[in-house]
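J.:
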Amino acid sequence: MDAHLGECENCRTAFETEQRFLSIVRESRGVRVASPELRERIEKLLASALPVPVAPPKLRQRIRRSLWQVNSRAPRTSYAQPALAVAVMLAVALLIGVWGVWRLSKNNGIHVSGPSDFSMMAAETHQRHVRGQLPLELVSDVPEQISAWFGGKVPFLVKLPNYQASSGQEKLYQLQGARLVGYQNDYAAYVAYEMRSRPISLVVTSDAVAQPTGGEQIIAKGITFHYNSINGLKVLTWSDRGLTYALVSDLEERGQQSCVVCHQGVKDRDFIESLRPK
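In terms of our numbering, the sequence shown is residues 357 to 634.
Next comes the structure, spelled out in C-alpha cells:
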C-alpha cells in the first residue's frame, strides 16, 4: 500500500485528506482511560484468543496482482482508483474476518485453543494404565481408604465421594485403586474406576498447578467444564474448591456418564444431562 501511495498522486492526496480528517476527530474529543477492571478483562480475552488469521503468501500475491490490474486498467479519474482499491481491500478483510469467526464457532463450541497440558497428561496416563504400563500402587474399592492413602503424598486434600454406598442404589461403577503420577515437578492423584467393563480415570491436582483451558466450554451449576477429544478419548477438565480435575473415558458422547463416579442419585441427573451435546 505504501508503495502504491508513493507512485500514485491521486491516491496519496485522498489518503492524506482522510488522515487529516481523522486527526481532527481525535483531537476534538478528550482522551478516555480504561478502568483497571476493563483493562484486566481485555488482557484476559487477548491472552486466550486465537492468533489473528493471516492470509498465506500465495493469496497475498494474488491480491497484489489484482490491485495492480485494477490500477492499470481503471479510468484515470481522481476518485475511481482509490475507490476500487479500498473496495477490494474491504472485501478481502471481510472474507478473512468471516473465516476467523467460523474457526472460532465451528462444531457449535468455542475453541479457544487446543487441549491443555493437564488434559494431555490425563489422557496419556489413562492410556498407559489401560495398556498395563502404569500399575496401581493401591488396589482398593473403598473410597475412604484411598482418600487416606493420598494423605501426606500429595500437597492437597483428596476426598473421594461414596454416593453408591450411602444411597443404597445399584452400583453403576467399580472403584479399582489409586497411584501417584508425576506432573509439573510434583505429584498428582490418579484414581482408576471401571463402568460396564470400560475404564475411567480421574486425575486430581491443585488449581495452583493446573487450570482447565482449551476445548469446548460447557457451563453447568456455575462450573465451566472444558471438553476435549484426545486420541479417541473423552476428556473433561474443571476446577472446583481449589482443585483441578480431569475425567477420562471412552464412553459415548462427551463421556458425561463417567461423572457418576462423583455424582449419583436423582438430584444430580439434571447436572449430568447438561453435559450432553445439544
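Note that CB positions come from ideal geometry on N, CA and C, so glycine has one too.
(1) Taking 8 Å as the cut-off, does the segment 470-478 touch the segment 562-573 (at least 3 CB pairs, one atom from each stretch)?
(2) With a CB to CB cut of under 6 Å and the five nearest residues on each side skipped, what residues in its chain are close to M551?
(3) Taking only runs of the beta strand (DSSP E) that begin and end inside the segment 525-595, which ones reach a length of at least 3 residues, in chain order?
(4) Return the residue from the list L516, R397, Q567 and A504 that minimises the CA-CA distance to Y539.
(5) Who pairs with S605 in a beta bridge, going by DSSP?
(6) Please list the terminal residues of the continuous alpha helix (DSSP H) segment that includes Q483.
(7) Output the boundary residues of the alpha helix (DSSP H) element that contains D358.
(8) Quickly, what does DSSP pair L494 with across the bridge? List them, please.
(9) Who are the near neighbours of V560 in its chain, counting only those whose CB is closer than 7 Å to its CB and skipping five residues on each side?
(10) Do you know how far the Cα of M357 is from the Cα of K577?
(11) How would you call P392, buried or exposed, if buried means at least 16 neighbouring beta carbons within 10 angstroms?
(12) Going by beta-carbon coordinates alone, are L592 and L558 separated by less than 7 Å?
(13) Any idea what DSSP makes of L516, helix, strand or coil?
T.: Per the coordinate set shown:
(1) yes
(2) Y529
(3) 530-539, 542-551, 554-562, 572-576 and 579-586
(4) Q567
(5) K590
(6) D473 to V486
(7) D358 to E363
(8) A534
(9) V514, A544, A545, L599 and Y601
(10) 52 Å
(11) exposed
(12) no
(13) coil
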